[in-house]
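Anchor point for the sequence shown: position 349 equals 334 in this note's numbering, and the numbering is continuous, going up by one each time. Ideal Cβ placement from N, Cα and C applies to all residues, glycine included. Keep in mind it's a predicted model, so treat the numbers as computed, not measured.
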Amino acid sequence: MITREEIAEVLRKYDTRKLAVGTLGSHSALNIFKGAKEEGLRTVCVCTPRNEIIYRKFPLADHIIRIENFQQLLDEEIQEQLRSLNTVLVPHGSFTAYLSTEEIMNELYVPIFGNRQLLHWEANRERQREWLLKAGLKLPRVFRTPKEIDGWVIAKLPGARGGKGYFLASSYESFKKKVEAMIKRGLITEEDVEKIHLQEYIVGVNAYPHYFHSILENEVEFLGVDRRYESDIDNLGRIPAREQLEADVTPSYTIVGNIPLTLRESLLATLLEMGDKVVETAKKLAFPGIIGPFCLETAITSNLEIYTFEISARIVAGTNVGIGTSPYVYLKYGEKMYMGRRIAREMGKAVKQNKIAEIVT
Ligand code: AMP
Ligand code: AMP
């Protein structure tokens, strides 16, 4: 694994007065770039031909590095270009979707604003579960085999696929039927079936709180909440039940976008404590713990119990709903703060205090 000492070595060659914030062109790149620009930092977009139009129409990247596919981020030549531009990379969902966490941990010799080890924890459901349980959070039950299913479960595929191919089942029989249907629709493959993760389906509403752990301030901040807009589950209600039965629909959860949310104020007490506990636990799992943004994926029941079914130890695209400002950020910062900018502010501060090595891995 690339050590912090090796990264510190890379940083010693940097001209930190010209520090650039870099990321892959997708997911929350616009959020990250805008924040960097507003904090007076330079920006680098590593971009595929398909997405280049985005960073032309929203001209926030000072440099565009073209690659054919996201895997090429690991090419020595691309990494050298990033280092020569004094780049700190901000990892987002595309890093974990298109690269393995092993590759990020072992092959990416560019400083990242985030904890590589925790990205690795996050990528594995068992490790993730251990982290959240250690933090004292309430989690949905898991079922080891489909035969154990004794209530509503959500069947999940491995990796950050944004809910693609997920489905619900309520018994072993319905599980088998659904699997067949999903294979037929091309949403999952035969190989996927073995890797399916079965989780208790929490009946409630989803809420995705966004946090920021500042190493410099030793503080966990609450920046906002979103809910997801998922296809086709979120529009099934527009099809009357009779037609739903007729069509025999098996809904999926493909992420299409996000919707901002504010929560009943009394729920904040629990959510704020949850953020603190997750950060405390992370410090013990992998020093220095979470660096910067993280998000919990929760479902809140009618008893106002908050179940956490996932954690992202990095910026989530749901923070895009706060670009510009959002209610919870406004309460602390007033106007014009959001995740991308909060990240850049931490970096700017670290440069001034000569502490940049403390906030990257
Ligand atoms: P993309 O570059 O759009 O394919 O996204 C990269 C990864 O991030 C995929 O795994 C997506 O599922 C995930 N992702 C993209 N946008 C969002 C979003 N708004 N919310 C949650 N996940 C997302
Ligand atoms: P994930 O890939 O874990 O983020 O899940 C994608 C979507 O599936 C979420 O946004 C929820 O709509 C739904 N979901 C995931 N896990 C659960 C759960 N245990 N109970 C209820 N809904 C869930």
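Nearest residue (CA-CA) to residue i, options the options
| i | options | result |
| --- | --- | --- |
| Val306 | Phe152, Lys132, Tyr193 | Tyr193 |
| His48 | Glu62, Glu92, Val31, Ala226 | Val31 |
| Leu74 | Arg227, Gly10, Thr255 | Gly10 |
| Gly319 | Ile328, Gly309, Gly325 | Gly309 |
| Arg35 | Ile52, Arg326, Gly25 | Ile52 |
| Val205 | Val314, Tyr94, Ala46, Glu61 | Val314 |
| Lys132 | Ser159, Leu118, Phe152, Gly150 | Ser159 |
| Cys280 | Tyr151, Leu257, Ser216, Gly150 | Leu257 |
| Ser237 | Met167, Thr33, Thr28 | Met167 |
| Asn288 | Asp211, Ser311, Tyr214, Val188 | Val188 |
| His182 | Asn54, Lys141, Lys317 | Lys141 |
| Asp219 | Ser199, Ala46, Leu208, Asn191 | Asn191 |
| Ala284 | Lys3, Ala(-7), Tyr186, Glu37 | Tyr186 |
| Leu103 | Tyr94, Glu65, Arg114 | Arg114 |
| Thr33 | Tyr83, Ile244, Tyr214 | Tyr83 |
| Lys149 | Thr235, Arg249, Gly136, Val29 | Thr235 |
| Gln66 | Ala5, Glu215, Met(-14) | Ala5 |
| Ser13 | Glu202, Val301, Ile240 | Val301 |
Per-residue burial, residue i [other beta carbons within 10 Å of its own, 16 or more giving buried]
| i | result |
| --- | --- |
| Asn109 | exposed |
| Pro278 | buried |
| Gly121 | exposed |
| Asn100 | buried |
| Gln56 | exposed |
| Arg41 | exposed |
| Thr174 | exposed |
| Lys161 | exposed |
| Leu26 | buried |
| Glu331 | buried |
| Lys22 | buried |
| Gly171 | exposed |
| Ile134 | buried |
| Pro96 | buried |
| Pro76 | buried |
| Asn54 | exposed |
| Thr286 | exposed |
For residue i, the residue or residues it bridges with in DSSP
| i | result |
| --- | --- |
| Arg326 | Arg326 is not bridged to any residue. |
| Arg51 | Cys32 |
| Ala335 | DSSP, once it has assigned bridges, lists no residue as partnering Ala335. |
| Ile285 | Val190, Ile291 |
| Pro245 | Asp211 |
| Lys22 | Looking at the DSSP assignment, Lys22 forms no beta bridge with any residue, so it has no partner. |
| Leu9 | Val31 |
| Thr239 | Ser216 |
| Val127 | Gln184 |
| Pro278 | Phe197 |
| Ser311 | According to DSSP, which records beta bridges pairwise, Ser311 is partnered with nothing at all. |
| Ile297 | For the record, residue 297 in the displayed sequence is Ser; it is not Ile. In DSSP, Ser297 forms a bridge with Cys280. |
Heavy atom of ligand 4 within 7 Å of residue i beta-carbon
| i | result |
| --- | --- |
| Asn100 | With respect to small molecules bound, the structure shown includes ligand 1 and ligand 2 and not ligand 4. |
Contained beta strand (DSSP E) runs [length at least 3] in the stretch 174 to 216, N- to C-terminal order | The stretch 174 to 216 contains these whole beta strand (DSSP E) runs: 182 to 185, 190 to 199.
In chain order, which alpha helix (DSSP H) runs of at least 4 residues are fully inside the stretch 130 to 175?
-> Listed in chain order, they are 157 to 169.
Would you be able to state if there are at least three C-beta pairs under 8 Å between the stretch 290 to 304 and the stretch 256 to 264?
-> Segments in contact, yes.
Do the stretch 325 to 344 and the stretch 215 to 233 meet, that is, are 3 or more Cβ pairs less than 8 Å apart?
-> As far as the Cβ criterion goes, the stretch 325 to 344 does not touch the stretch 215 to 233, which means the pair count is below three.
Whole alpha helix (DSSP H) runs in the stretch 47 to 103 with 4 or more residues, listed along the chain?
-> Contiguous alpha helix (DSSP H) elements confined to the stretch 47 to 103 occur at 61 to 69, 78 to 83, 86 to 92, taking only those with 4 or more residues.
May I ask you to verify whether the stretch 163 to 178 touches the stretch 267 to 283, counting CB pairs closer than 8 Å and requiring at least 3?
-> Taking 8 Å as the limit for Cβ pairs, the verdict is that the stretch 267 to 283 does not touch the stretch 163 to 178.
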